[in-house]
Amino acid sequence: MTYEKFSADNAALLLIDHQVGTMGWVKSIPFEELKRNALMLAKAASILKLPVVLTSSMEEHAQGPLLSELEQILPAEFASRVKRLGIVNAMDDENFAAAVKATGRKKLIIAGVTNDVCTVYPALSLVREGYEVQVVADGGGSPSVMADDIALRRMDKGGVTLTTTNQLIAELAGSWATPEGGQLVQVLMTALQG
């Protein structure tokens, strides 16, 4: 199998349901770490001008609003986010599926707030549809370590490539010596010091 790295020129980022209520249900990774990783991904996408699709589910209910910081980092994407009405697999929502297709990219990076529900189903659906998918494992979590482990194993077995926030940002940067690479180093360093 040949491997072509994901880059700003060929990939898009899908951030699924990073909502304040849902984030509180995640116990396999600390809340602050999950939040930091999701925001680092958003900042990296902004620096690299990566196409981004944001989606939320039932913001008026227990899930709550998307992280307000996402609006500051990705204002246009936040404004055009796909608001799903409880559809579990985001790819079953025609507006989300259309937004993903509209990116024109066949390499997709996914971070969903819960790996065991929000991430696993769209990731597997997109692999079946012929996309190359990387799931940022620490850009989400699950209500238990076991739930997270099983979800990650299921995705891995289903053809999804698993990665981490730092690993993905390094891959997208390609070189720290470029102007964008220098900005990405700052994102990493700020997060690691905070």
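Using full-length UniProt numbering, you'd call the opening residue of the sequence shown number 1 and step up by one each time. C-beta: ideal position from N, C-alpha, C; glycine also.
Residue i burial status per 10 Å Cβ neighbour count (16 or more: buried)
| i | result |
| --- | --- |
| methionine 146 | exposed |
| glutamate 132 | buried |
| lysine 49 | exposed |
| serine 80 | exposed |
| serine 28 | buried |
| serine 142 | buried |
| glutamate 32 | exposed |
The ligand ATP heavy atom lying under 8 angstroms from the CB of residue i
| i | result |
| --- | --- |
| alanine 97 | The ligand content of the structure shown is nil, which means the ligand ATP is not present either. |
Through-space distance from residue j to residue i, alpha-carbon basis
| i | j | result |
| --- | --- | --- |
| alanine 12 | isoleucine 150 | 26 angstroms |
| leucine 126 | glutamine 183 | 30 angstroms |
| asparagine 71 | glutamine 134 | Checking the displayed sequence, the identity of residue 71 turns out to be glutamate instead of asparagine. One C-alpha to the other measures close to 24 angstroms. |
| glycine 140 | threonine 22 | 11 angstroms |
| proline 122 | alanine 177 | 35 angstroms |
| alanine 98 | valine 82 | 10 angstroms |
| asparagine 89 | threonine 161 | 19 angstroms |
| asparagine 10 | alanine 102 | 13 angstroms |
Same chain only: Cβ atoms within 6 angstroms of residue i, ignoring 5 sequence neighbours per side
| i | result |
| --- | --- |
| leucine 192 | none |
| alanine 173 | Gly181 and Leu184 |
Close Cβ partners of residue i (< 8 angstroms) along its chain, the five nearest in sequence each way excluded
| i | result |
| --- | --- |
| valine 136 | Asn37, Leu41, Ile109, Ile110, Ala111, Thr163, Thr164, Thr165 and Leu168 |
| leucine 74 | Ala42, Ala45, Ser46, Val52 and Leu54 |
| glycine 130 | Lys106 |
| alanine 8 | Leu48, Lys49, Leu50, Leu172 and Glu180 |
Neighbourhood of residue i by C-beta, 7 angstroms cutoff - its chain only, sequence neighbours within 5 removed
| i | result |
| --- | --- |
| valine 120 | Ala151, Arg154 and Met155 |
| valine 20 | Gly64, Pro65 and Leu67 |
| glycine 159 | Val127 |
Rounded Cβ spacing between residue i and residue j (contact assumed at less than 8 angstroms)
| i | j | result |
| --- | --- | --- |
| threonine 55 | aspartate 92 | Between aspartate 92 and threonine 55 the Cβ distance is about 12 angstroms, and since that is not below 8 angstroms, they are no contact. |
| leucine 14 | valine 100 | 7 angstroms |
Secondary structure, alpha helix (DSSP H): runs of 4+ residues fully inside the stretch 147 to 173: 165 to 173
4-residue-minimum alpha helix (DSSP H) runs that sit fully inside the UniProt domain "Isochorismatase-like" (11 to 167), ordered along the chain: 20 to 23, 31 to 48, 68 to 73, 75 to 79, 94 to 102, 120 to 128 and 145 to 157
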